Amino acid sequence: MPLIVLLCLLLAACASPAPQFFGAARHDITLSGIDFVVFHKGDRAEVIRMGYLARPARAAVPALMLEAAERTTGCRVVPGSAVTGLPGDTGEMRLRLDC
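As numbered in mature numbering (1 follows the signal peptide of the UniProt record, and there is no 0), residues -17 to -1, 1 to 82 make up the sequence shown, in order.
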């Protein structure tokens, strides 16, 4: 049983891209003390926030996700292209890039 718990904890700490980002370049970046993983493929990117944040600390995250994508890819985010899986989700964002 302890092995299963350890395996679950290790897998929970990993960032996996959405299927359309399989084979994408992976970039890790920390901004304002928050860790992000950016998957970059062509003119698209997926940004995943790592770790837990209490609700009050999440307000700045969407802007940091855009910054993470631009810094790691060297591309500009297409204005208005950012979408999340759930409205207001600060854990994952997909966006288009202008490279």
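Glycine residues also receive a C-beta, built at the ideal position from the N, C-alpha and C atoms. Just so it is clear, the structure is predicted and the values come from calculations on it, not from any experiment.
{"query": "Can you tell me whether DSSP reads Val(-13) as helix, strand or coil?", "result": "In this prediction, Val(-13) scores a pLDDT of 43, lower than 50, which makes its location untrustworthy; the coordinate-derived value is nonetheless stated afterwards. It is helical."}
{"query": "Could you pull out every residue in the same chain whose Cβ sits closer than 6 Å to the Cβ of Leu49, ignoring the five residues on either side in sequence?", "result": "Val60"}
{"query": "Please state whether DSSP places Ala28 in a helix, a strand or coil.", "result": "strand"}
{"query": "Out of Glu29, Phe4, Arg9 and Val21, which one is the CA nearest neighbour of Leu78?", "result": "Glu29"}
{"query": "So, at 8 Å on beta carbons, what are the nonlocal neighbours of Val44 in its own chain, with the 5 sequence-adjacent residues on each side left out?", "result": "Ile17, Arg32, Leu36 and Thr73"}
{"query": "Measuring alpha carbon to alpha carbon, tell me which of Asp26, Ala7 and Ala65 ends up nearest Cys82.", "result": "Asp26"}
{"query": "Does DSSP classify Ala8 as helix, strand or coil?", "result": "strand"}
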